[in-house]
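Numbering (the UniProt record's numbering), first residue to last: 1 to 94.
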């Protein structure tokens, strides 16, 4: 559950921008919408019928589940702090 909190924090502040910024380059986005600034009821890049905030939260679900599945392999053998650092770095790389 701590991984969910760390990745949600990262996604809220800059993860969404690095992945789905409207003026992004081919490889990485910009930091024009840090902290979900101007991510509101405007149409999303996924579909004009879905609001951008709904699309961002939907994609955050996948961003949080991916490191949780990867860290499930070390559930009782690993330490918490390195696992949280891994999840943060993993989700920062778009």
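All C-beta atoms in this analysis are idealised placements derived from N, C-alpha and C, irrespective of residue type, glycine included.
(1) If you measure between the beta carbons of residue 15 and residue 66, is that distance less than 8 angstroms?
(2) Please go through the same chain and pick out, in chain order, the residues whose beta-carbon is closer than 8 angstroms to the beta-carbon of residue 88, but skip the five residues on each side of it.
(3) Taking all protein chains shown into account, decide if residue 39 is buried (16 or more other Cβ within 10 angstroms of its Cβ) or exposed.
(4) Within the same chain, show all residues whose beta-carbon is closer than 7 angstroms to that of residue 23, passing over the 5 residues directly before and after it, in chain order.
(5) Answer yes or no: do residue 52 and residue 43 have a C-beta to C-beta separation smaller than 8 angstroms?
Looking at the atomic coordinates:
(1) Within the chain shown, numbered from 1, the residue matching residue 15 stands at position 15. Within the chain shown, numbered from 1, the residue matching residue 66 stands at position 66. Result no, Cβ atoms of residue 15 and residue 66 do not sit closer than 8 angstroms.
(2) Counting from 1 along the chain shown, the entry for residue 88 is found at position 88. Cβ contact annotation for residue 88 (same chain, cutoff 8 angstroms, sequence separation greater than five): 6, 7, 10, in chain order.
(3) Along the chain shown, read from residue 1 onward, the residue named residue 39 stands at position 39. Answer is buried; the Cβ neighbour count reaches 16.
(4) Residue 23 sits at position 23 when you count from the first residue of the chain shown. For residue 23, same chain residues with a beta-carbon under 7 angstroms away, outside a window of 5 residues either side, are 30, 32 in chain order.
(5) The residue given as residue 52 occupies position 52 in the chain shown. The residue given as residue 43 occupies position 43 in the chain shown. Contact: yes.
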